[in-house]
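And the structure:
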């Protein structure tokens, strides 16, 4: 049995996101004129040995601070799928 | 003067750096693999070279910054050891928090590979004192993630301390304040996107990189 943690990493507001801007411009070119802006980030999915949700979240936060995000330019959000979460 | 060059998987300017150091010091630098845990005690200057360490996975320089040798480099630099990070080396030093800020994707999304003109923002540093502050110098860049970013407060501090060393005359990547290279507050760690090791021989098309190596090596 495993737990899944999903870490969403994206550039902080105010940090230039040229890829997001290019995506928005391309969608506008395709006629999706309602698109005002886009930001691009990444999702990192971690398979974890099962543990208590709160402790797991604290560990994943530590992983974000140490490696997964560069907090000079990026923010992150963590989601934990516990096996009994259904 | 004994120097050293660190090599990571997918470093590709380590040999160029080694050739430049040998040309200037007359002595072959130690070549240090990233898995090693200590910088030899006789080393007085370390180059963290350019390349694409770990394929730029996660973020440019992020994985290399966690390597064993960088932990020792950080300790030694805090004790005063001079360090030069070039291109990917600059990215690694910011990821290791040895230098403030970060290097983002170039603002125009394009890989930029050309000779750039640099202004000496600070010609009093240990790395630049042999340059004439009035002159622009020609140093090539080759990068995709060279867009220097720091938040407003950090940028004010870095500018106020005179830590900006080089500025682009024509900004090729969107860097804030046209920053091409900065030193740490202590002045012994320099990170720069342009490649001084690629311009130390007439056959390179220029020799404007020589004064940088002579500046820092002459002060040791």
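Protein chains in written order, with our numbering: chain Y, 1 to 86; chain W, 1001 to 1220.
The beta-carbon is built from N, C-alpha and C at its ideal position, and this holds for glycine as well.
Look at residue 1154/W here: in three-state DSSP terms it is helix. Between the segment 1009–1021 of chain W and the segment 20–29 of chain Y, the count of C-beta pairs closer than 8 angstroms stays below three; the two stretches do not touch. At least one CB of chain Y lies nearer than 9 angstroms to the CB of residue 1107/W. Residue pairing by DSSP places residue 1140/W opposite 1115/W in a beta bridge. Straight-line measurement puts the Cα of residue 1216/W at about 13 angstroms from the Cα of residue 1183/W. Contact fails between the segment 49–66 of chain Y and the segment 29–38 of chain Y, because fewer than three Cβ pairs, one in each stretch, are under 8 angstroms apart. Your pair residue 1138/W and residue 1164/W does not check out as a contact, with CB atoms roughly 19 angstroms apart and the cut at 8 angstroms.
With respect to chain W, the C-beta atom of residue 83/Y has no partner C-beta closer than 9 angstroms.
Taking a C-beta cut-off of 7 angstroms against chain W, the contacting residues of the segment 45–77 of chain Y are 67, 70, 72 and 73, listed in chain order. Straight-line spacing of the CA atoms in residue 1069/W and residue 1033/W works out to 8 angstroms. In the DSSP assignment, residue 1098/W falls outside any beta strand (DSSP E) and carries neither an H nor an E. In the DSSP assignment, residue 56/Y falls within the unbroken alpha helix (DSSP H) covering 53–63. If you check the CB distance, residue 1108/W and residue 1177/W do not come in under 9 angstroms. By the 16-neighbour rule on beta-carbons within 10 angstroms, residue 3/Y is buried. For residue 74/Y, the secondary structure class from DSSP, reduced to helix, strand or coil, is strand. Exposed is the label assigned to residue 55/Y, since fewer than 16 other Cβ atoms lie within 10 Å of its Cβ. In the three-state reduction of the DSSP assignment, residue 1043/W falls in the coil class.
In chain order, 1137, 1138, 1139, 1196 and 1199 place their CB closer than 8 angstroms to the CB of residue 1208/W, counting only its own chain and leaving out the 5 sequence neighbours on each side.
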